[in-house]
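Residues 137 to 459 (this note's numbering) make up the sequence shown, in order.
For reference, the structure discussed in these notes is given below.
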Amino acid sequence: MAEITLPVRQLRAFAEVGYQVAGGSGAHGAMAALREVVPLDAYEFVAFDPATGRHHSVVSDGHRRIDGDAAEEYAALEAYRRAMATRAPVAMPEPGTERYFRRHLAPYGWRAGLTAPLFLTGGRYTGLLHLATRDAFPELTAALVGAVSPMLAHVTDLTRCVIDPVGLPGGFRAVAFDRLGVRRGVPGLETSPELWDDPAIAAYARAFIDSRELNRHGLWLDGQGRWHEMRLLRAGVGFQGGLQGAVVAERPCALPYELTGREVDVLTRVAAGDSNPQIAAALVLSVRTVTTHLEHIFAKLGCDSRTRLSTKALAEGLCRLDV
137 MAEITLPVRQ LRAFAEVGYQ VAGGSGAHGA MAALREVVPL DAYEFVAFDP
187 ATGRHHSVVS DGHRRIDGDA AEEYAALEAY RRAMATRAPV AMPEPGTERY
237 FRRHLAPYGW RAGLTAPLFL TGGRYTGLLH LATRDAFPEL TAALVGAVSP
287 MLAHVTDLTR CVIDPVGLPG GFRAVAFDRL GVRRGVPGLE TSPELWDDPA
337 IAAYARAFID SRELNRHGLW LDGQGRWHEM RLLRAGVGFQ GGLQGAVVAE
387 RPCALPYELT GREVDVLTRV AAGDSNPQIA AALVLSVRTV TTHLEHIFAK
437 LGCDSRTRLS TKALAEGLCR LDV
């Protein structure tokens, strides 16, 4: 039987790192716990944004100044490519990192640096952790930092979204958008290719973000003529949900209550407060045809007034979303 040789002090520190990342004090709490076993004077978390393909400094402590281009400069080094291939921390200065070390660490009194690539347990890359010290790092520092890096990777996971606490029913696929139309996957949900590939969805999400609505629910007809139940939820996206955004989610569906597509269009206009002549003009139908559609809709939904019909349609998401 293999023996566990990890000292209790290190084990406690590792557990505290995980706790702080999951729900305690975040990055700073996690690093305070790590400092119990790893002597360091400064750190910087650098996040990789898969939506733009660029790196951004997101959290730091101990640095008087961090150059804005430092993250991208490091990502261009051979040391970065080696770290990505081995998933092991890289010490500085070492061959290939001298210039970076002289520019970004040495001027502030740091004698040694260590950069760890951050991969989630599932293998997805989220960014980098830079450590600096005025003394040399102990021999086991790289191994210890490498051991906790899957936990620390959550700090730089820019795909994390703060979604409406009510959440979504099962079966939904989703995409998160910010106001600039940048798309991100939503952790825990399958990405919807229909939403991802449709340029109209980004504009629709932006209009929703700019509205005062907290959520929206309705029916969407995609470009292939297939109906989907669609929900929009206001959300923070990016690092720690710092950007205004929205989660757009969909799942294929049959039209409820055996409604036809044309009946959905008529019902949508009724819920918007249009009269029969207004509906007829908007849908290029005769008033008589609109009246016939409404008779069918009243019967299918079991309503006896336009008010009850509108209330039911809005509450159950039976209106067509104008994407």
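In this text, a Cβ means the ideal position worked out from N, Cα and C, and glycines have one as well.
Keep in mind the model is a prediction, meaning the values are calculated, not measured.
{"Item": "Sequence-distant residues of the same chain with beta carbon closer than 7 Å to residue 328, five excluded per side", "Value": "309, 310, 311 and 386"}
{"Item": "Inter-residue spacing [alpha-carbon to alpha-carbon] between residue 174 and residue 287", "Value": "16 Å"}
{"Item": "Secondary structure, alpha helix (DSSP H): runs of 4+ residues fully inside the stretch 334–406", "Value": "335–346"}
{"Item": "Local Cβ density within 10 Å of residue 248, reported as buried at 16 or more and exposed below that", "Value": "buried"}
{"Item": "Classification of residue 412 by the beta-carbon crowding that lies within 10 angstroms, buried from 16 upward", "Value": "buried"}
{"Item": "Which residues DSSP lists as bridging residue 228, in chain order", "Value": "249"}
{"Item": "Sheet register partners of residue 311 (DSSP bridge)", "Value": "384"}
{"Item": "Secondary structure of residue 164, DSSP reduced to three states", "Value": "helix"}
{"Item": "Touch test, the stretch 365–373 against the stretch 413–428, Cβ-Cβ under 8 Å, three pairs minimum", "Value": "no"}
{"Item": "Terminal residues of the beta strand (DSSP E) in which residue 266 lies", "Value": "261–269"}
{"Item": "Beta-carbon spacing of residue 314, residue 374 below 8 Å", "Value": "yes"}
{"Item": "Option in 402, 297 and 364 with minimal Cα separation from residue 84", "Value": "The question about residue 84 has no answer here: the residues shown for the chain are numbered 137 through 459."}
{"Item": "Among 221, 354 and 361, the one whose alpha carbon lies nearest that of residue 330", "Value": "361"}
{"Item": "Residue 221 versus residue 168 - alpha carbon distance", "Value": "29 Å"}
{"Item": "Cβ-based burial, residue 338 [other Cβ within 10 Å; buried from 16]", "Value": "buried"}
{"Item": "Close beta carbons around residue 271, own chain, < 8 Å, minus the five adjacent residues each side", "Value": "175, 247 and 248"}
{"Item": "Contact check, residue 177 vs residue 268, beta carbons under 8 Å", "Value": "yes"}
{"Item": "As assigned by DSSP and simplified to three states, the class of residue 422", "Value": "coil"}
{"Item": "Minimum C-alpha distance to residue 254 - residue among 239, 234 and 290", "Value": "290"}
{"Item": "Cα-Cα separation, residue 88 to residue 171", "Value": "Nothing can be reported for residue 88: it is not among the residues displayed for the chain, which extend from 137 to 459."}
{"Item": "N-terminal and C-terminal residue of the alpha helix (DSSP H) that residue 237 is part of", "Value": "234–240"}
{"Item": "At least three beta-carbon pairs within less than 8 Å, the stretch 189–201 to the stretch 215–232", "Value": "no"}
{"Item": "Close-in-space but distant-in-sequence residues of the same chain around residue 440 (CB under 6 Å, 5 per side omitted)", "Value": "none"}
{"Item": "Reduced DSSP secondary structure (H/G/I, E/B, other) of residue 219", "Value": "helix"}
{"Item": "Beta-ladder partner(s) of residue 444, from DSSP", "Value": "In the DSSP output, where bridge partners are listed per residue, residue 444 has none listed."}
{"Item": "Of the residues 208, 233 and 279, the one placed nearest residue 264, counting alpha carbons only", "Value": "208"}
{"Item": "Run of the beta strand (DSSP E) containing residue 180, from where it starts to where it stops", "Value": "178–185"}
{"Item": "Range of the contiguous beta strand (DSSP E) that encloses residue 193", "Value": "190–197"}
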